[in-house]
Every structure is written in C-alpha cells, then in structure tokens.
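Heads up, the sequence shown is in this note's numbering, so the first residue is 9 and it goes up one at a time. Glycine residues also receive a C-beta, built at the ideal position from the N, C-alpha and C atoms.
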Amino acid sequence: MNCTQCPVSCGADRSKNKGACSVQGLKIAKYYLHPFEEPPISFKNGSGCIFFCGCPLKCRFCQNFEVSRAQRGKDISVKELADIFRELEDMGADNINLVTPTQYLSDIAEAFSIYKPHIPVIYNTHGYEKIESLKIADTFTDIWLPDLKFISPELSARYTSRPDYAKYALPAVEFMAQKPAAFDEDGKMLSGCIIRHLIMPLGVEDSINIVNFVAALPRTVYFSLMSQYTPCGDIKDIPELNRRITSREYKKVLAAVEAAGLENVFLQDKSSAEQSFIPKWDY
Ligand code: SF4
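Given below as structure tokens:
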C-alpha cells in the first residue's frame, strides 16, 4: 500500500522501500517510564514512553537525531507493540506516550485493536499532521501532545525539510485543541491537549505569534513553554542555532504569554537545557 499518512504524502510502498520519513517496517528506539514530561503527564510513576524511529519533518536541530533518521532502533511486529503497551501498563505507567508515531499510524491502530491498556493514551507529535490521520488517531487517543514549532515558513524551511510546516500544523493543532480537558482527583491528566513550544535562538518574534495563536484556541488547552533548546544535530551551517536561548529572549516570550492572558501554562526550568536529559537509546 502506498503510504500517505503524513503531509509529505510520498506514496512509498513501505513493504518494499523506505519512505521520506526514513523508515520501512515498524521500528522503535526505546520504551520506559519517563519522569520528565509535564507534571500531570509524568505524574507519580512516569509516562510510558515509546520512542518511534523515523520522522518526516527532519528538523536540523533534532535532539534525537539518530532516532529520527532511523540510524538506530529495533524492528518489532504489531503484536510485539501491543505487548509493550501491556508491559508498560504492568510496570505502573501513568499513561502510554506514543512519541513521533504518525509514520506508523496504521500499525499502532492495529496494535490497540489487539490490546488497549486501561490508562490514558498520549499522541506526542511534532504537529506536522493531516487531519484525516488525526481522526484515525483520535479513535485511541486521550491526550494530544503536539509541538507547535514555527508559524514562519522561512524558519521552517531553514530548520526543517518542510517549508509548509505551519500550513499543516496550525489546523492540526486547532483540531487537537477541541479535546476536552479532564483530570482525576489527584491531578493526573486523563484527557485534553497540551501544546508545546520550544523557543529558538533569534526566534522570539515567531514564538510571540505562536503564543497569540494559542490564545485564540479554546481555554481548556494547556500551553507548555520550553526553554531547553540546546545545540544538537546537523547545524554546522546554521550559526544562530549554535547557542542556547538568552534570558532576555525567554523573558520576552514569557511577557507575551502574560499579555495574552494564557492561564493554563507549564514553564520549563532552563536548567533542563542539558544533553543529559536526552534518553540513552536501547537499540
Ligand atoms: S509517513 Fe513516511 S512513508 Fe508515509 S507519507 Fe509520510 S514520509 Fe511518506
């Protein structure tokens, strides 16, 4: 079957060839209980993250470069993926967190038809999504966790392989923002949408545009402002990305968050801008 699951719509026959997302079969890099997501996601025992290999977006600054380019990882079957859902649940995971899943959407949907855990399922995406794929993902997703990386086509062309990032990401985030928020009595998130935005060096203007976009979404949406950009990946010829953001840049975006009246906000401690926060891959 020719794959059109993501906006690249490269049409690869993945039974024979790799797609533009660099993957063919079903391949993962790691699964474990992750303690460093937003508090109602990591909650008490950790989020049951499954890191999927490959990515159509190909951010030049990707902190998971080896995984997003599928240079490492382990091929598994759909049945083995369903077994991983069960194993993470048995380990006490507070949720199942599917990290960069869309290139495997049909496999993941099939795995959930084999075993659906009794804990929330999180769809953790770069935001570059087709609505028709999100509608399929919605059949098993409780919490949307999209990035909103850029509005500027110039920035997305410079930093990813996709100048049309915002053309797809903005309606995708609007779709995901419709999910009603719900928490249990202890504060664990059961349903909803958390939009993440990573402030980029020299990217304050685009960040402020993103804050204003989020401010116009339903007020049940949560916004996670991330300050941990750290130079990674293939950025030798992009000089502005060879530094972390400054306190001045961070404060400007934070002021925009306050001015826009956003209330449901998670802020990330700048001390988390360390490479030691990048997982060590298992495969
Ligand atoms: S998910 Fe991969 S194979 Fe499918 S359309 Fe996107 S880039 Fe191509």
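Are residue 230 and residue 206 close, meaning C-beta to C-beta below 8 Å?
Contact: no.
Count the other C-beta atoms from every protein chain shown that fall within 10 angstroms of the C-beta of residue 224, then say buried if there are 16 or more, exposed otherwise.
Classification of residue 224: exposed, given that the 10 Å Cβ count is below 16.
Would you mind reading off the limits of the alpha helix (DSSP H) that contains residue 138?
First-last for residue 138: undefined, no H or E at that position.
Alpha carbon to alpha carbon, what distance is there between residue 148 and residue 142?
C-alpha separation (whole angstroms): 10 Å.
Rounding to the nearest angstrom, what Cα-Cα distance links residue 67 and residue 158 in this structure?
Using only the alpha carbons, I get a separation of about 11 Å.
For the ligand SF4, any of its heavy atoms closer than 7 Å to the Cβ of residue 110?
Residue 110: yes, Cβ under 7 Å from the ligand SF4.
Any contact of the region 49-62 with the region 106-123, i.e. 3+ C-beta pairs under 8 Å?
Because the criterion of three Cβ pairs below 8 Å is met, the region 49-62 and the region 106-123 touch.
Since residue 202 is in the beta strand (DSSP E), which residue starts that stretch and which ends it?
Unbroken beta strand (DSSP E) run through residue 202: 197-206.
Secondary structure at residue 91, three-state DSSP: helix, strand or coil?
Residue state, collapsed to three classes: helix.
Are there 16 or more other CB atoms within 10 angstroms of the CB of residue 263, so buried, or fewer, so exposed?
With fewer than 16 Cβ atoms within 10 Å of its Cβ, residue 263 is classed as exposed.
Please tell me whether, using a cut-off of 7 Å, the distance from the CB of residue 86 to the nearest non-hydrogen atom of the ligand SF4 is below it.
No - the ligand SF4 has no heavy atom lying nearer than 7 Å to the Cβ of residue 86.
Would DSSP call residue 293 helix, strand or coil?
Outside the shown range of the chain (9 to 291) lies residue 293, about which nothing can therefore be said.
In angstroms, rounded to a whole number, what distance separates the CA positions of residue 118 and residue 89?
Cα-Cα distance, rounded: 10 Å.
Please classify residue 50: does DSSP put it in a helix, a strand, or coil?
Helix.
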